[in-house]
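Chemist:
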Amino acid sequence: MRPTSSPSMQKRLTLILLTALSLIWVLTTLLVWRDASHETDEILDGHLAQAAALLVVQQASDFVDQEQSIKTPLLHQDAPRVMYQVFHEGKLSLRSENAPRTAILPLHSTAKPSYSNIRFEQNDWRLFATQGAEQDVVVYVAEKQSARAEILHALMRSLTLPMLLALPLLALSIWFAVRYGLNPLRELSQHLQTRQAGNLAQISLTTSQQEIEPVLEALNDLLQKNAKLLASEQAFTSNAAHELKTPIAAIRMQAQVAAVAEDQQDRQHALSQLQVACDRANRTIEQLLTLARIEQTGLALDEPINFADLVREALSEMAIAAIEKQQQMGFEQQCEPCLTRGNSTLLKILLRNLIDNAVRYCPARANIALSLTCNEQELHFQIEDDGPGLSETELQKIGERFYRVLGNEASGTGLGWSIIRRIAEVHQIQVAIARAKPEGGLRIELKLPAQTQQNRSSLH
Numbered sequence: 026m027r028p029t030s031s032p033s034m035q036k037r038l039t040l041i042l043l044t045a046l047s048l049i050w051v052l053t054t055l056l057v058w059r060d061a062s063h064e065t066d067e068i069l070d071g072h073l074a075q076a077a078a079l080l081v082v083q084q085a086s087d088f089v090d091q092e093q094s095i096k097t098p099l100l101h102q103d104a105p106r107v108m109y110q111v112f113h114e115g116k117l118s119l120r121s122e123n124a125p126r127t128a129i130l131p132l133h134s135t136a137k138p139s140y141s142n143i144r145f146e147q148n149d150w151r152l153f154a155t156q157g158a159e160q161d162v163v164v165y166v167a168e169k170q171s172a173r174a175e176i177l178h179a180l181m182r183s184l185t186l187p188m189l190l191a192l193p194l195l196a197l198s199i200w201f202a203v204r205y206g207l208n209p210l211r212e213l214s215q216h217l218q219t220r221q222a223g224n225l226a227q228i229s230l231t232t233s234q235q236e237i238e239p240v241l242e243a244l245n246d247l248l249q250k251n252a253k254l255l256a257s258e259q260a261f262t263s264n265a266a267h268e269l270k271t272p273i274a275a276i277r278m279q280a281q282v283a284a285v286a287e288d289q290q291d292r293q294h295a296l297s298q299l300q301v302a303c304d305r306a307n308r309t310i311e312q313l314l315t316l317a318r319i320e321q322t323g324l325a326l327d328e329p330i331n332f333a334d335l336v337r338e339a340l341s342e343m344a345i346a347a348i349e350k351q352q353q354m355g356f357e358q359q360c361e362p363c364l365t366r367g368n369s370t371l372l373k374i375l376l377r378n379l380i381d382n383a384v385r386y387c388p389a390r391a392n393i394a395l396s397l398t399c400n401e402q403e404l405h406f407q408i409e410d411d412g413p414g415l416s417e418t419e420l421q422k423i424g425e426r427f428y429r430v431l432g433n434e435a436s437g438t439g440l441g442w443s444i445i446r447r448i449a450e451v452h453q454i455q456v457a458i459a460r461a462k463p464e465g466g467l468r469i470e471l472k473l474p475a476q477t478q479q480n481r482s483s484l485h
């Protein structure tokens, strides 16, 4: 099933930035609208108060007691937006042409200057009411709310329209900026698409940004690991194929000898050698499978382990082979408990290979001594024998895959030490090999990280 295609990073970043810009623009517009509405109301309320003050002054100086009220004409096209009334002793003495003859508000309700919103002739008005120079004079000045709204709308248009017209230019700028900023990723993508499958060379870009460098480092590190792994696998496959040819050829040859042998003794000898060749092939295959298992990723390496118990288990498995060669094996444990962490199966394979090598390559009636000590930081395991030992050249080659010491009749694949080295590597175990004494023998020392005190309770 093909994975669902997702939008490109460029489209996604552009959409995110445009959405954020639009939200900021809307929020800013709402804040400006609120502040502009508040400021406009305050300014226009001030104008109403000033107009009322002029009427108060005019009434105080020029008032003439008349039976009929004076009606002022509308001299401007916007004059109907404003109306006023002046009352003296409860009688209308002055009003605008669009103002009614009756009081807009009850006269007794005007004790001090105040603002209010009223409904008059299907229109909403903003009203300012105040007393005149004398307490029996009341002045009303009102302005249509729609007039205020028109002023606010005109103000907002002048503020927001340029920004609204600039949004497409900002969107285009964001698109170009995102596209330019993603050029290193685009270059990396094109480089990876055109690269051959077997090309594990380091990647280098002509334009590299600080954010891309960790990606490049991770990719180059991965390519380097894959190159090493591929080279190791190629060498291993070639060597393994070469090594398996020998037992397979021996099996074929002994089978042919057994098939044509007329003497019963010759036939039995051929069949016996056939069994030996099969055993060698089987051991080679087992060792190859063990190496392949160690190379797997995701192995659990944090299992709490009593290392002394693993040594005893490995000794019990190799006891029969040592008894057959009349060899003496002893194990001395000088600490309790000897705790570490790792993979118990792999560590047991390591110990079994070490003991198997000692048993296999030491002569009959040889002595093999094992010891285990520990402190707060590490475990120290040692296996020492009094066999023929190895030369300095042979000691340096120990661990190379398929390397076997010449002149030794013991059967083997040359993979045992490769397995030991690899298991030690993944467990951070230090391995040291040296001659046990000048006249011969071999001493192998392992240093393992000890389990910390706070984690020991997990074993109980």
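Each residue of the sequence shown is one higher than the one before, counting from 26 in my numbering.
From the three backbone atoms N, C-alpha and C, an ideal C-beta is built for every residue, glycine too.
On a predicted model such as this, the values are computed, not experimentally measured, just so you know.
Between the stretch 381-397 and the stretch 350-366, are three or more C-beta pairs nearer than 8 Å?
Modeler: They touch, by the three-pair rule.
Chemist: Going by beta-carbon coordinates alone, are Phe-153 and Val-166 separated by less than 8 Å?
Modeler: In this structure, Val-166 lies closer than 8 Å to Phe-153 by Cβ.
Chemist: Put Glu-146 into one of helix, strand or coil per three-state DSSP.
Modeler: coil
Chemist: Return yes when the Cβ of Asp-66 is within less than 8 Å of the Cβ of Arg-173, no when it is not.
Modeler: yes
Chemist: Since Cys-399 sits in a beta bridge, which residues does DSSP pair it with?
Modeler: Leu-404
Chemist: What are the boundary residues of the beta strand (DSSP E) that Ala-457 is part of?
Modeler: 455-462
Chemist: From Leu-192 to Val-111, what distance separates their C-alpha atoms?
Modeler: One C-alpha to the other measures close to 52 Å.
Chemist: On the CB-based measure, 16 or more other CB atoms within 10 Å of its CB, does Val-51 come out buried or exposed?
Modeler: It is exposed - the Cβ of Val-51 has fewer than 16 other Cβ atoms within 10 Å.
Chemist: Would Leu-471 pass as a contact of Phe-406 if the rule is Cβ separation under 8 Å?
Modeler: yes
Chemist: Quick one: Cα of Ile-143 to Cα of Gln-170, how far?
Modeler: Whole-angstrom Cα-Cα distance: 10 Å.
Chemist: To which residues does DSSP link Ala-167 through a beta bridge?
Modeler: Met-108, Leu-152
Chemist: Extract the residue ranges of the beta strand (DSSP E) inside the stretch 325-392, only unbroken runs of 3 or more that lie entirely within it.
Modeler: 328-331, 353-358, 364-367
Chemist: State yes or no: is the C-beta of Gln-227 within less than 8 Å of the C-beta of Leu-248?
Modeler: yes
Chemist: May I ask you to report which of helix, strand or coil DSSP gives Pro-193?
Modeler: helix
Chemist: DSSP state of Arg-468, grouped into three classes?
Modeler: strand
Chemist: Give me the Cα-Cα distance between Ile-454 and Pro-474, rounded to the nearest whole angstrom.
Modeler: 7 Å
Chemist: In three-state DSSP terms, what is Glu-64?
Modeler: helix
Chemist: Quick check on the burial criterion: 16 or more other C-beta atoms within 10 angstroms. Buried or exposed for Arg-59?
Modeler: exposed
Chemist: What residues match up with Leu-217 in a beta bridge as DSSP calls it?
Modeler: DSSP lists no partner for Leu-217.
Chemist: What residue range does the beta strand (DSSP E) around Arg-126 cover?
Modeler: That residue, Arg-126, is in no beta strand (DSSP E); it is neither H nor E in DSSP.
Chemist: Closest to Trp-150 by C-alpha separation, out of Leu-119, Ile-129, Glu-159, would be which residue?
Modeler: Of Leu-119, Ile-129, Glu-159, the residue nearest in Cα terms is Ile-129.
Chemist: Distance, Cα to Cα, Asn-123 vs Met-108?
Modeler: 6 Å
Chemist: Out of Leu-194, Leu-132, Leu-184, state which residue places its alpha-carbon closest to the alpha-carbon of Leu-46.
Modeler: Cα-wise, what sits closest to Leu-46 is Leu-194.
Chemist: What first and last residue would you give for the alpha helix (DSSP H) that runs through Ser-229?
Modeler: Unbroken run through Ser-229: none, as it is neither H nor E.
Chemist: With a threshold of 16 other CB atoms inside 10 Å of the CB of Glu-159, please say whether the residue is buried or exposed.
Modeler: exposed
Chemist: In terms of residue numbering, what span does the beta strand (DSSP E) encompassing Ser-118 cover?
Modeler: 116-121
Chemist: Which value, in whole angstroms, describes the spacing of the CA atoms of Ala-280 and Leu-299?
Modeler: So the two alpha carbons sit approximately 7 Å from each other.
Chemist: Identify, in the order they occur along the chain, each residue of the same chain with its Cβ nearer than 7 Å to the Cβ of Leu-207, setting aside the five sequence neighbours on each side.
Modeler: Answer for Leu-207: Met-34, Gln-35, listed in chain order.
Chemist: Taking the straight line between their C-alpha atoms, what separation do you get for Arg-460 and Leu-467?
Modeler: 5 Å
Chemist: Quick check on the DSSP output: the alpha helix (DSSP H) that includes Glu-450 runs from which residue to which?
Modeler: 441-451
Chemist: Let's test the definition: count the other Cβ atoms within 10 Å of the Cβ of Asp-410 and tell me whether it reaches 16, buried, or not, exposed.
Modeler: buried
Chemist: Taking 8 Å as the threshold (C-beta atoms), are Ser-369 and Glu-328 in contact?
Modeler: yes
Chemist: Check each candidate in Ala-339, Arg-308, His-216 and name the one with the smallest Cα separation from Ile-273.
Modeler: Among Ala-339, Arg-308, His-216, the Cα nearest to that of Ile-273 belongs to Arg-308.
Chemist: Can you give me the C-alpha to C-alpha distance between Glu-146 and Pro-125, rounded to a whole angstrom?
Modeler: Approximately 10 Å, taken between the alpha carbons.
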